[in-house]
Amino acid sequence: MTQLVYLVPLFPLIGFLLNGLFWKSMPKKLAGIIGSTAILASFAVSLGIFFEVKNGAAAGQGIVHLFDFITVGNFKIPFAFMVDQLSAMFLLIITGIGFLIHLYSTSYMHDDEGFTKYFAYLNLFVFFMLLLVLGANYVVMFIGWEGVGLASYLLIGFWYKNKEYTNASKKAFIMNRIGDLGFLVGMMLTVYHFGTLSYNDFFAQLQGGIGAQTQNGYMIGSGMTNAIAICFFIGAMGKSAQIPLYTWLPDAMAGPTPVSALIHAATMVTAGIYMIARSNALFNLAPMAQNMIAIIGLATVLLAASIALKQNDIKKVLAYSTVSQLGYMFLALGVGAYVGSLFHVMTHAFFKALLFLGSGSVIHAMSGEQDMRKMGGLGKYMPITKFTFLIGCLAISGFPFFSGFFSKDEILAAAYAKNPMFYYLGLLGAMMTTFYMFRAYFYTFTGNFRGTEEQKHHVHESPATMTIPLIILAILSLVGGLVGLPEVFSHHHLLNEYLSPVVQNFDIHHLDHTMELTLMGIASAIVLIMMYVARVITRKEQFGEAKGLAKVLENKWYVDEIYDFLIVRPLAWKARILNNIVEQKGIDGGVNGLGQLVQWGSTRLKNLQSGQVGSYLFAMVIGIIIIFAIGIFGLLYM
Amino acid sequence: MSLILLLVIPLITGLASFAFRKAQAVKAWALFGSLLTLVVAALSLCGIKEQTHTISYTWLPTLGASFALQGSVTALLMTLLTAIVFPLTLLAQWNKDIEQPHRFYGLMLLAQAGLMGVFLAHDLLLFYFFWELALIPVYFLAGQWGDKDRIKSSFKFFVYTFLGSLLMLGGLIYLYLQTPNGNFDYDTILATGAALPMAVQNTLFVLFFIAFGIKMPIFPLHSWQAGAYEQTLTPVTIVLSALMVKMGLFGVIKWLYPVFPSGTEQFGNIIMILALIGIIYGSMLAIVQKDIKRLIAYSSLAHVGLMIMGIFADTHNASVGVVAQMFNHGITITGLWLVVDMIERRYGTRNMNELGGLAGAAPQMTIALVVITFSSIALPLTNGFVGEFLLFLGIFESTNPNHIIYMAIAGLGIILGAIYMLNMVQKVAYGNKKEMAIADMSMNERLSIYLILAVIIILGVYPNLLLQLL
Chain G
5 MTQLVYLVPL FPLIGFLLNG LFWKSMPKKL AGIIGSTAIL ASFAVSLGIF FEVKNGAAAG
65 QGIVHLFDFI TVGNFKIPFA FMVDQLSAMF LLIITGIGFL IHLYSTSYMH DDEGFTKYFA
125 YLNLFVFFML LLVLGANYVV MFIGWEGVGL ASYLLIGFWY KNKEYTNASK KAFIMNRIGD
185 LGFLVGMMLT VYHFGTLSYN DFFAQLQGGI GAQTQNGYMI GSGMTNAIAI CFFIGAMGKS
245 AQIPLYTWLP DAMAGPTPVS ALIHAATMVT AGIYMIARSN ALFNLAPMAQ NMIAIIGLAT
305 VLLAASIALK QNDIKKVLAY STVSQLGYMF LALGVGAYVG SLFHVMTHAF FKALLFLGSG
365 SVIHAMSGEQ DMRKMGGLGK YMPITKFTFL IGCLAISGFP FFSGFFSKDE ILAAAYAKNP
425 MFYYLGLLGA MMTTFYMFRA YFYTFTGNFR GTEEQKHHVH ESPATMTIPL IILAILSLVG
485 GLVGLPEVFS HHHLLNEYLS PVVQNFDIHH LDHTMELTLM GIASAIVLIM MYVARVITRK
545 EQFGEAKGLA KVLENKWYVD EIYDFLIVRP LAWKARILNN IVEQKGIDGG VNGLGQLVQW
605 GSTRLKNLQS GQVGSYLFAM VIGIIIIFAI GIFGLLYM
Chain S
151 MSLILLLVIP LITGLASFAF RKAQAVKAWA LFGSLLTLVV AALSLCGIKE QTHTISYTWL
211 PTLGASFALQ GSVTALLMTL LTAIVFPLTL LAQWNKDIEQ PHRFYGLMLL AQAGLMGVFL
271 AHDLLLFYFF WELALIPVYF LAGQWGDKDR IKSSFKFFVY TFLGSLLMLG GLIYLYLQTP
331 NGNFDYDTIL ATGAALPMAV QNTLFVLFFI AFGIKMPIFP LHSWQAGAYE QTLTPVTIVL
391 SALMVKMGLF GVIKWLYPVF PSGTEQFGNI IMILALIGII YGSMLAIVQK DIKRLIAYSS
451 LAHVGLMIMG IFADTHNASV GVVAQMFNHG ITITGLWLVV DMIERRYGTR NMNELGGLAG
511 AAPQMTIALV VITFSSIALP LTNGFVGEFL LFLGIFESTN PNHIIYMAIA GLGIILGAIY
571 MLNMVQKVAY GNKKEMAIAD MSMNERLSIY LILAVIIILG VYPNLLLQLL
């Protein structure tokens with residue numbers, strides 16, 4: 005089965021090509037079938053691979069070499085896949101949730117004129133995402149990494165006629181490129197010191213630990229490992245929307261809602277977590293980078309959660325919630341709890357996809373309305389959506405025994421073991437999470453309807469192709485936590501056992517059971533209290549002009565404005581100065597001016613025929629070249 | 151023999167073009183000739199595996215100059231690029247009416263012959279001869295056809311390049327006088343150059359470098375570029391940017407870098423800094439341009455800057471990356487100019503602020519524009535990626551003490567590149583502005599563009615096809 009792994013990305017690629025090349029003549033129904041079937045087929049192969057990997061196969065065994073991608077002398081980068089526990093887990097998440105979202109999309113996008121194009125792009129995304137997690141070296145990961153960026157760009161700007169949307173897509177790509185440069189420099193550092201970009205080769209050299217000799221004859225030092233790790237983390241910041249590169253993700257909600265569910269919640273944005281978990285051998289030798297990750301992760305948790313408190317667009321709430329939840333995953337990575345982080349990747353994929361699809365169902369019913377202030381009382385019209393959304397809210401809040409409870413608990417316990425302050429701040433984030441999610445829930449599904457009569461008349465429960473994915477995801481959000489029961493409840497942490505060959509978890513000095521139960525108790529109590537607070541506040545809140553802190557939060561701490569002021573505008577005016585002054589007046593102007601000077605002199609001296617363009621231009625170019633030559637010699641003999 | 155054919159076919163078809171009177175006939179003739187050249191170029195490259203092919207005939211025995219040609223891999227790749235670009239351009243421009251077509255196409259093919267000679271010459275005087283042969287037709291092409299300010303811009307271009315040529319000629323004569331038995335042969339030049347005293351080497355290095363640097367162009371010798379690209383007709387712009395740029399780079403690789411090792415050592419770092427400035431400067435200027443042609447001109451300054459850095463990084467990965475990038479850049483920028491020309495012909499403007507909504511009006515053209523754009527910003531699985539990756543790696547591995555900083559600053563180009571290229575796509579393709587009904591790509595345009603897209607994807611997915619030659 006492992007050898008057939010190339011089929012997993014191949015099916016979506018075929019789907020993309022069929023829908024992409026024959027978009028003109030493709031009937032809608034067929035386009036949807038091709039797109040969804042491709043992912044279902046990949047899911048079937050992934051399942052087979054998962055069961056094979058689960059029953060054995062040691063780390064680094066499952067290399068599937070496809071062809072040599074880049075060969076320069078002895079430096080080889082193969083196009084190879086790595087099939088192991090970690091990649092198999094991601095394959096299941098990507099293709100499994102991917103399929104549900106494709107299925108959902110067949111209804112959601114039904115009336116869109118770009119239906120075929122949509123499925124082509126969505127398949128393209130899955131293809132690149134699969135490359136990202138399957139690669140056996142950083143270059144293949146990078147191919148997938150930039151490829152999902154492309155797919156994301158195309159899908160955010162899917163409705164290209166709207167300038168705001170295409171601005172959002174451009175912003176997403178460019179911000180990701182900033183991170184990508186970090187990734188690229190990290191790769192360069194790795195090749196330079198270790199002579200390889202293959203995981204197996206690289207991690208084997210890292211096995212020696214600090215002080216060991218690398219293949220290229222360097223001694224592994226913590227400066228080196230920290231530098232590489234931080235560069236990789238910069239890449240992860242972009243893709244996984246962490247401070248300071250997170251502002252593209254809320255804007256990315258411009259894309260169709262199923263896209264937000266798949267790309268901007270369940271899969272692509274977890275690429276950064278995958279990358280760091282994959283490189284755990286490196287990060288375990290880079291304590292400074294780890295601290296940085298934990299702190300940035302935690303800061304992102306709090307910042308994004310606080311913004312979510314005051315958003316009125318249902319998708320914006322979910323977007324900031326995603327940024328915040330990703331922060332938890334980075335916090336876990338930073339304290340070395342890789343399994344906890346991956347566990348949260350999984351449960352988050354379930355409940356956040358559920359919440360996004362649920363919001364999509366609402367938006368669909370409300371004919372495109374996203375503002376919660378114009379909703380209210382939708383529960384009675386769309387019971388399945390309401391009920392599944394509630395499950396999603398409970399799961400993300402960490403309500404006892406829902407999936408998010410276990411994964412978040414694991415992260416918070418590991419954070420506590422590292423530094424109790426991390427725990428308290430993490431708990432503050434969890435409080436806000438519960439509040440903003442239930443605020444959204446109550447605003448949307450309870451109370452009185454606040455929209456127009458026409459909308460009210462139109463509100464309906466979504467069709468089965470949309471509700472079935474909701475139900476499946478709700479079940480997963482409910483029981484998904486069972487794969488990672490804490491020690492208090494069970495001696496078998498299934499996910500931990502499964503991942504142990506590839507991930508070296510930070511050895512947590514285990515909290516004693518009373519302590520762990522106490523922490524859990526506190527967390528549960530907080531969820532209940534915050535649910536109640538949300539209920540009370542949503543009943544009372546008037547949608548008036550926000551003031552003070554509320555206004556700051558509503559305006560997202562003005563971070564976009566600050567970036568605009570500090571980076572975007574200075575870049576633009578620097579470019580204008582270079583163009584209008586340095587280029588036109590300086591370099592080109594200098595050339596022309598030199599010509600004029602010579603001409604002026606020549607008319608005085610009457611040595612040269614004045615007015616002849618030839619001599620004038622000739623002189624000016626001589627001038628610039630003399631200056632250039634003097635400059636170059638001057639620099640040299642300075 | 152095949153090397154001679156590469157020169158002779160464009161030369162003869164070019165001269166014969168002047169005799170035609172009917173536009174369609176001369177187009178067909180030029181296309182036929184360029185396809186013939188393409189076949190020969192492709193076969194020459196396929197035959198390379200056996201050995202590097204060198205031929206030599208007596209030419210000017212009194213001067214010690216011979217008609218020597220060498221088909222090294224780099225040279226043959228550049229001839230292949232030249233041979234690919236011409237028919238694709240002619241094909242895509244089939245429906246465009248050009249005044250005095252017989253002269254236009256004749257001069258184009260003569261320029262092709264000159265370019266071929268520059269890449270193949272294995273004798274310094276012969277190299278110089280072809281260098282001028284390539285320039286003169288292009289000067290006429292730039293001066294007689296194009297936008298209204300073409301006289302000014304082409305004259306500036308001419309003066310710049312002519313001056314460069316003069317400096318090179320001076321250096322060439324001096325170098326010739328130093329050879330033991332008055333000889334222009336490559337190996338003699340190589341031995342003579344390296345044996346010269348340091349100060350002399352440095353001076354000669356600067357003379358040659360200015361000539362090559364103008365052609366590339368390197369910052370700050372670039373001020374002819376934007377105007378020349380903007381004002382010329384698209385086929386001429388393509389010759390200038392996809393091919394003549396490579397003359398400068400190729401000149402450095404073959405005739406400068408190995409000939410004056412001391413000069414290389416002295417000036418390598420300064421040139422890298424100038425190239426680095428060019429990357430950032432070109433990218434920044436590209437951001438504020440309104441005219442798409444000017445935007446691409448400045449982006450080219452940035453792309454070429456990275457290649458220049460690669461040459462002087464002096465590592466194996468960088469030198470492979472340079473050649474791969476020289477080839478791929480030529481393909482991508484040709485596609486870009488062709489699409490821009492299609493847009494301009496349909497909308498009557500190149501000003502991005504007046505454009506918009508192409509995606510609705512001409513989806514196929516938009517797909518082409520987007521794919522080529524992503525190739526230009528080096529997305530993996532397009533041809534643009536591998537060269538840039540190897541260049542970054544090679545610069546990083548360089549023994550230059552500032553190698554990490556250089557690479558990181560050069561890397562800013564990939565961010566800035568995304569900014570200006572995606573800005574351009576957004577303004578041209580997206581939005582709702584004037585849903586003017588325009589025709590999507592015609593048959594000939596599609597054929598040409600799809601071939602370019604195929605090269606972009608094939609060399610992107612399987613770059614070893616190219617790398618295994620190097």
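Chains as they are written, first to last, in my numbering: chain G, 5 to 642; chain S, 151 to 620.
Every residue gets a Cβ at the ideal spot worked out from N, C-alpha and C, and that includes glycine.
Checklist entry - Going along the chain, which residues of its own chain have a beta-carbon closer than 6 Å to the beta-carbon of residue 447(S), five neighbours each way excluded? => result Numbered from 1 along the second sequence, position 297 holds the residue referred to as residue 447(S). Closer than 6 Å at the Cβ level, and outside the excluded window around residue 447(S), lie 375, 376 and 379.
Checklist entry - Just by C-beta distance, which residues in the stretch 72-100 of chain G are closer than 8 Å to chain S? => result 72, 73, 74, 75, 76, 77 and 79
Item to check | Minimum Cβ-Cβ distance from residue 509(S) to chain G less than 8 Å | outcome: Along the second sequence, one-based indexing puts residue 509(S) at 359. Residue 509(S) counts as touching chain G.
Item to check | Spatial distance of residue 440(G) from residue 313(G) (CA atoms) | outcome: Reading the first sequence from its first residue, position 436 is the one you call residue 440(G). Reading the first sequence from its first residue, position 309 is the one you call residue 313(G). Cα to Cα, the separation comes out at about 5 Å.
Next on the checklist: So if DSSP puts residue 80(G) in a beta bridge, which residue, or which two residues, is it bridged to?
Outcome noted: Within the first sequence, residue 80(G) is the residue found at index 76, counting from 1. DSSP output for residue 80(G) lists 75(G) as bridge partner(s).
Checklist entry - Can you list the residues of chain S that residue 151(G) reaches, using a CB-CB cut of under 8 Å? => result By one-based count along the first sequence, residue 151(G) stands at place 147. Simply 529, 530 and 531.
Next on the checklist: Which residues in chain S have a C-beta closer than 7 Å to the C-beta of residue 583(G)? List them in chain order.
Outcome noted: One-based indexing of the first sequence puts residue 583(G) at position 579. Ordered by position in chain S, the residues that pass the 7 Å Cβ test against residue 583(G) are 435 and 438.
Checklist entry - Going along chain G in order, which residues have a C-beta closer than 8 Å to the C-beta of residue 373(S)? => result As a working mapping, residue 373(S) is identified with position 223 in the second sequence. Under the 8 Å cutoff, chain G gives 587, 591, 592, 595 and 628.
Next on the checklist: Whole angstroms are fine: how far does the CA of residue 138(G) sit from the CA of residue 710(G)?
Outcome noted: Residue 710(G) lies beyond the range of chain G shown here (5 to 642); nothing can be said about it.
Checklist entry - Run through DSSP, which three-state label would residue 290(G) get? => result Residue 290(G) sits at position 286 when you count from the first residue of the first sequence. Three-state DSSP puts residue 290(G) in coil, outside helix and strand.
Checklist entry - Candidates 235(G), 234(G) and 214(G): which alpha carbon is nearest residue 225(G)'s? => result What you label residue 225(G) is simply residue 221 of the first sequence in a count that begins at 1. Closest option to residue 225(G), Cα to Cα, is 214(G).
Next on the checklist: Buried or exposed for residue 272(S), going by 16 or more other Cβ atoms inside 10 Å?
Outcome noted: Along the second sequence, one-based indexing puts residue 272(S) at 122. Residue 272(S) comes out buried.
Next on the checklist: One question on the structure: do residue 349(G) and residue 422(G) come within less than 8 Å of each other, judged by their Cβ atoms?
Outcome noted: On the first sequence, position 345 is the one that residue 349(G) refers to. On the first sequence, position 418 is the one that residue 422(G) refers to. It is not a contact, given that the beta carbons lie outside the stated cut-off.
Checklist entry - Going by DSSP, what residues sit across from residue 466(G) in a beta bridge? => result Your numbering for residue 466(G) matches position 462 in the first sequence. Partner(s): none; residue 466(G) has no beta bridge.
Item to check | Supposed close pair residue 207(G), residue 131(G) - CB separation, criterion 8 Å | outcome: On the first sequence, residue 207(G) is found 203 positions in, with the first residue counted as 1. On the first sequence, residue 131(G) is found 127 positions in, with the first residue counted as 1. In fact, because the Cβ distance is near 26 Å, the residues do not count as touching under 8 Å.
Checklist entry - How do the stretch 347-361 of chain S and the stretch 406-421 of chain S stand: do at least 3 beta-carbon pairs fall below 8 Å, yes or no? => result yes
Item to check | Straight-line Cα distance separating residue 167(G) from residue 587(S) | outcome: Residue mapping note: residue 587(S) aligns to position 437 of the second sequence, counting from 1. Residue mapping note: residue 167(G) aligns to position 163 of the first sequence, counting from 1. Distance between the alpha carbons of residue 587(S) and residue 167(G): 20 Å.
Item to check | DSSP state of residue 642(G) mapped onto helix, strand, coil | outcome: Locating residue 642(G) in the first sequence gives position 638, where the first residue counts as 1. Low confidence applies to residue 642(G): its pLDDT is 44, below 50, so where it sits in the model is not reliable enough to give any reading.
Checklist entry - Just curious, the alpha helix (DSSP H) that residue 342(G) is in, first and last residue? => result Translated into positions along the first sequence, residue 342(G) becomes position 338. Element bounds for residue 342(G): 342-369.
Next on the checklist: Please state whether the Cβ-Cβ distance between residue 372(G) and residue 266(G) is less than 8 Å.
Outcome noted: Indexing the first sequence from 1 puts residue 372(G) at position 368. Indexing the first sequence from 1 puts residue 266(G) at position 262. No, the pair does not count as a contact, with Cβ atoms beyond the cut-off.
Next on the checklist: By the 8 Å beta-carbon criterion, what residues does the stretch 577-604 of chain S contribute toward chain G?
Outcome noted: 579, 580, 581 and 582
Item to check | Sheet register partners of residue 217(S) (DSSP bridge) | outcome: Within the second sequence, numbered from 1, the residue matching residue 217(S) stands at position 67. According to DSSP, which records beta bridges pairwise, residue 217(S) is partnered with 207(S).
Next on the checklist: Closest to residue 482(S) by C-alpha separation, out of 468(S), 582(S), 469(S) and 526(S), would be which residue?
Outcome noted: For the purposes of this step, residue 482(S) is identified with residue 332 of the second sequence, where counting begins at 1. That would be 526(S), whose Cα lies nearest to the Cα of residue 482(S).
Checklist entry - Near residue 310(S), which residues of its chain fall below 6 Å by C-beta distance, leaving aside the five closest residues on each side in sequence? => result For the purposes of this step, residue 310(S) is taken as the residue at position 160 of the second sequence. Excluding sequence neighbours, residue 310(S) sits near 364 and 374.
Next on the checklist: Can you look up residue 217(G) in the DSSP assignment and give me helix, strand or coil?
Outcome noted: To locate residue 217(G), count along the first sequence from 1; it is residue 213. Strand at residue 217(G).
Item to check | Chain-ordered chain G contacts of residue 564(S) [CB-CB under 9 Å] | outcome: Looking up residue 564(S) in the second sequence gives position 414. Correct list: 181, 184, 185 and 188.
Next on the checklist: At the level of alpha carbons, what is the spacing between residue 363(G) and residue 299(G)?
Outcome noted: As a working mapping, residue 363(G) is identified with position 359 in the first sequence. As a working mapping, residue 299(G) is identified with position 295 in the first sequence. The straight-line gap from Cα to Cα measures roughly 31 Å.
Next on the checklist: In this structure, how does DSSP classify residue 228(G) when only helix, strand and coil are distinguished?
Outcome noted: Sequence index remark: in the first sequence, residue 228(G) carries index 224 (1-based). Note: residue 228(G) maps to helix in three-state DSSP.
Next on the checklist: Counting beta carbon pairs with one atom in the stretch 183-200 of chain S and one in the stretch 270-285 of chain S, are three or more of them shorter than 8 Å?
Outcome noted: no
Item to check | Selected residue, minimal CA-CA separation from residue 416(G), among 381(G), 52(G) and 525(G) | outcome: Looking up residue 416(G) in the first sequence gives position 412. Of the candidates 381(G), 52(G) and 525(G), the one whose C-alpha sits nearest the C-alpha of residue 416(G) is 525(G).
Item to check | Three-way DSSP call (helix, strand, coil) for residue 441(S) in this model | outcome: Locating residue 441(S) in the second sequence gives position 291, counting from the first residue. Residue 441(S): strand per DSSP, three-state reduction.
Next on the checklist: Beta-carbon within less than 6 Å of residue 128(G)'s beta-carbon, same chain only, minus the 5 sequence neighbours each way: which residues are those?
Outcome noted: Translated into positions along the first sequence, residue 128(G) becomes position 124. 20 and 155.
Next on the checklist: Restricting to runs no shorter than 4 residues, where is the alpha helix (DSSP H) found entirely within the stretch 385-413 of chain G?
Outcome noted: 387-401
Next on the checklist: Which of the three DSSP states is assigned to residue 550(G) in this structure?
Outcome noted: For this step, residue 550(G) is matched to residue 546 along the first sequence. DSSP places residue 550(G) in coil when its eight states are reduced to three.
Checklist entry - Name the DSSP bridge partner or partners of residue 69(G)? => result Your numbering for residue 69(G) matches position 65 in the first sequence. Residue 69(G) pairs with 84(G).
Checklist entry - If we call anything under 8 Å between Cβ atoms a contact, is residue 4(G) one with residue 393(G)? => result Look at the range of chain G in this structure, 5 to 642, and you will see that residue 4(G) is not part of it.
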